[in-house]
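Novice:
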């Protein structure tokens, strides 16, 4: 996964080592995210990050609509 | 003066910027038009402008194309003229704007100090094309990746870190448009520094990963996260980590030769110091200059005096610690003072492609001030930089549009004697008459105030 991210496209140079570094940081943060969600799940039925999900869902919905329009 | 107005920018594929009179005009390329329009008409963009975090935008949408018109910052400064706290302020603005943008469905596509200018003590994002729509499911890279991460580390984090660890001057950023690569810094650090908490992540680990990824061939496009909300969360964690790392990279400044200058004032008694302050305050109250340039501002006592009278002040200081102290003072006092860490005797040159991407310091300062302050600075230029008095007055003539306040330091002054260092034959007979001879044709004397320590304060008016 680390090696493949060199293909990332940007107008600024993402850098190969720094891109891999960011991925490692993200993996650590993702592990913490899942752990925290599991622990929270033990105590509550409420879904965490609900507001974030709404934002992303609306973005994805917009995207699908855009592609329908384009077609 | 040489090395004038920068030519149109050319790196960003979305548009280019050129300076026209009192405005900076950004011409948007047709393929980026829709996205740019969506951003500049968004409530988020409007909010950033109203808060003063982003430069004001006037939309000029004509059949010929889309243009964004911005007011020009009177005296722009570049990262190689900033103190560490100015770097930190610019870095924090970049990260906080990116985090805020993610909440609104946008992201910064680049993150470099060159996107920021200072207005007074406040950093302002001027590259409005840095924002693009955040894509929760990009095809070519994982959605948790911030593509500008590498640029932020190279151009913000690593210069600050090397300033802290090895005292590499931040001025070196003049020669490093895209910052430092971790690999080149890794070689410069000792083993202890490589393993330090500040350097291990952004230098040691990044350099090792760089080598590793060079050895491996590129593979398939990586799989996407199943949940885009996780990607958004990870992006925000990345920004928060960068903020922490940047704070840790800040240099620990010790007092320098000049940072305690106004506190110690060995050549001024309290009474003499008060006499000088009163005289300068009186001049400022009388002239009420709109723009003041304070050359050799030190920690900014006289800059603050001018700003309190309503002037917009540009404070030039060559000592890094004094300039840092000056900038912190301007942040605390909220006065309209813009700090420039630069040396008048060796002013910042024009830089970039064909020396036309950024302009020289003198070009930016030329005739921009109604009043120029040169307090306790002329003897440094004469004795340390060996600049002739006539050349100093000629430069002052170009910098001021109306008046000049100059403090003349006589040969008998202890500071003059210590800087002369045995060169009596060259500098031992310089006197007030030489100063007035150099003023001929350039300045006429409006006021002359001798101080008890032998120094003389002059108010000169520029000859037309």
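Chains as they are written, first to last, in our numbering: chain A, 1 to 71; chain B, 1001 to 1464. We put the CB at the ideal spot given by N, CA and C, even for glycine.
Which residue comes first and which comes last in the alpha helix (DSSP H) that contains residue 1187 of chain B?
Specialist: Residue 1187 of chain B -> alpha helix (DSSP H) spans 1182-1188.
Novice: So that I know if they touch, is there some Cβ in chain A lying closer than 8 angstroms to that of residue 1016 of chain B?
Specialist: No - not a single Cβ of chain A is within 8 angstroms of the one on residue 1016 of chain B.
Novice: How about residue 1324 of chain B and residue 1309 of chain B: are their beta carbons less than 8 angstroms apart?
Specialist: No. Outside cutoff.
Novice: Which bits of chain B does residue 41 of chain A rub up against, with CB to CB less than 7 angstroms?
Specialist: Here the premise fails: no neighbours, minimum Cβ distance about 15 angstroms.
Novice: Closest Cβ-Cβ distance between residue 26 of chain A and chain B: below 8 angstroms?
Specialist: Yes, residue 26 of chain A counts as interfacial toward chain B.
Novice: Terminal residues of the continuous alpha helix (DSSP H) containing residue 33 of chain A?
Specialist: Unbroken alpha helix (DSSP H) run through residue 33 of chain A: 16-43.
Novice: Quick one: does residue 1182 of chain B have its CB under 8 angstroms from some CB of chain A?
Specialist: Cβ-Cβ to chain A under 8 angstroms: yes for residue 1182 of chain B.
Novice: Taking buried to mean at least 16 other C-beta atoms within 10 Å of its own C-beta, is residue 948 of chain B buried or exposed?
Specialist: Missing from the structure shown is residue 948 of chain B; chain B here goes from 1001 to 1464 and no further.
Novice: For residue 20 of chain A, would you say it is in contact with chain B, using Cβ-to-Cβ distances shorter than 8 angstroms as the test?
Specialist: Taking Cβ atoms only, chain B reaches closer than 8 angstroms to residue 20 of chain A, which makes this a yes.
Novice: Residue 1047 of chain B: buried (16+ other C-beta within 10 angstroms of its C-beta) or exposed?
Specialist: Per the 10 Å Cβ criterion, exposed.
Novice: If we ignore side chains and look at the alpha-carbon of each, how far apart do residue 31 of chain A and residue 1238 of chain B end up?
Specialist: Residue 31 of chain A and residue 1238 of chain B: Cα-Cα distance of roughly 14 angstroms.
Novice: Along chain A, which residues have their Cβ under 7 angstroms away from the Cβ of residue 1159 of chain B?
Specialist: Simply none; closest approach about 15 angstroms.
Novice: State buried or exposed for residue 1054 of chain B, treating a residue as buried only when at least 16 other CB atoms are found within 10 Å of its CB.
Specialist: Residue 1054 of chain B comes out buried.
Novice: Looking at the C-beta of residue 1327 of chain B, does it have a partner C-beta in chain A at a distance below 8 angstroms?
Specialist: Chain A, which has no Cβ nearer than 8 angstroms to the Cβ of residue 1327 of chain B, makes this no.
Novice: Skipping 5 residues on each side, what residues in its chain have a beta carbon closer than 6 angstroms to that of residue 1051 of chain B?
Specialist: Here the set comprises nothing.
Novice: Say whether chain A places a C-beta atom closer than 8 angstroms to the C-beta of residue 1028 of chain B.
Specialist: Output row for residue 1028 of chain B: interface = no.
Novice: Pull up the DSSP beta-bridge partners for residue 1031 of chain B, would you.
Specialist: In DSSP, residue 1031 of chain B forms no bridge with anything.
Novice: When DSSP builds the beta bridges, which residues end up paired with residue 1060 of chain B?
Specialist: DSSP lists B:1067 as partners of residue 1060 of chain B.
Novice: Between which two residues does the beta strand (DSSP E) containing residue 1150 of chain B stretch?
Specialist: First-last for residue 1150 of chain B: 1149-1152, but that is the alpha helix (DSSP H), not the beta strand (DSSP E).
Novice: Under the rule that 16 or more other beta-carbon atoms within 10 Å means buried, what is residue 1130 of chain B, buried or exposed?
Specialist: So residue 1130 of chain B counts as buried.
Novice: Excluding the 5 residues flanking residue 1085 of chain B on each side, which residues of the same chain have their C-beta closer than 7 angstroms to its C-beta?
Specialist: Contacts found: 1324, 1327, 1328.
Novice: Is it the case that the Cβ atoms of residue 1311 of chain B and residue 1290 of chain B are separated by a distance below 8 angstroms?
Specialist: Yes, the Cβ-Cβ distance between residue 1311 of chain B and residue 1290 of chain B is below 8 angstroms.
Novice: Can you find a CB in chain B that lies within less than 8 angstroms of the CB of residue 30 of chain A?
Specialist: Residue 30 of chain A counts as touching chain B.
Novice: Quick check on residue 1091 of chain B: buried or exposed, where buried means 16 or more other Cβ atoms within 10 Å of its Cβ?
Specialist: Per the 10 Å Cβ criterion, buried.
Novice: Would you verify that the beta carbon of residue 16 of chain A is, or is not, closer than 8 angstroms to some beta carbon of chain B?
Specialist: Yes, its Cβ sits closer than 8 angstroms to a Cβ of chain B.
Novice: Of all the options B:1459, B:1014, B:1183, B:1164, which has the alpha carbon lying nearest to the alpha carbon of residue 1109 of chain B?
Specialist: Selected option, being the one with the closest Cα: B:1014.
Novice: By the three-class DSSP mapping on this structure, what secondary structure does residue 1178 of chain B have?
Specialist: Here residue 1178 of chain B sits in coil by DSSP.
Novice: Measuring alpha carbon to alpha carbon, tell me which residue in B:1332, B:1334, B:1113, B:1344 is nearest residue 1319 of chain B.
Specialist: The candidate whose alpha carbon is nearest that of residue 1319 of chain B is B:1344.
Novice: Using a Cβ-Cβ cut-off of 8 angstroms, state whether residue 1150 of chain B counts as contacting chain A.
Specialist: So yes, residue 1150 of chain B belongs to the interface.
Novice: Can you give me the Cβ contacts of residue 1463 of chain B inside the same chain, cut-off strictly under 7 angstroms, excluding the 5 residues immediately before and after it?
Specialist: Here the set comprises 1441, 1442, 1443, 1444.
Novice: Closest Cβ-Cβ distance between residue 1109 of chain B and chain A: below 8 angstroms?
Specialist: Yes, contact with chain A.
Novice: By Cβ distance below 6 angstroms, which residues in the same chain neighbour residue 1206 of chain B in space, the five residues on each side in sequence not counted?
Specialist: 1182.
Novice: Am I right that residue 1093 of chain B and residue 1123 of chain B are in contact with their C-beta atoms under 8 angstroms? What's the rounded C-beta distance?
Specialist: Between residue 1123 of chain B and residue 1093 of chain B the Cβ distance is about 5 angstroms, and since that is below 8 angstroms, they are a contact.
Novice: Using only the alpha-carbon positions, how far apart do residue 14 of chain A and residue 1347 of chain B sit?
Specialist: Approximately 33 angstroms, taken between the alpha carbons.
Novice: When you compare the CB of residue 1437 of chain B with every CB in chain A, is at least one pair closer than 8 angstroms?
Specialist: It does not: the Cβ of residue 1437 of chain B has no partner Cβ on chain A nearer than 8 angstroms.
Novice: Could you please give the first and the last residue of the uninterrupted alpha helix (DSSP H) stretch that includes residue 1302 of chain B?
Specialist: Looking at the DSSP string, the run of the alpha helix (DSSP H) that includes residue 1302 of chain B is 1301-1308.
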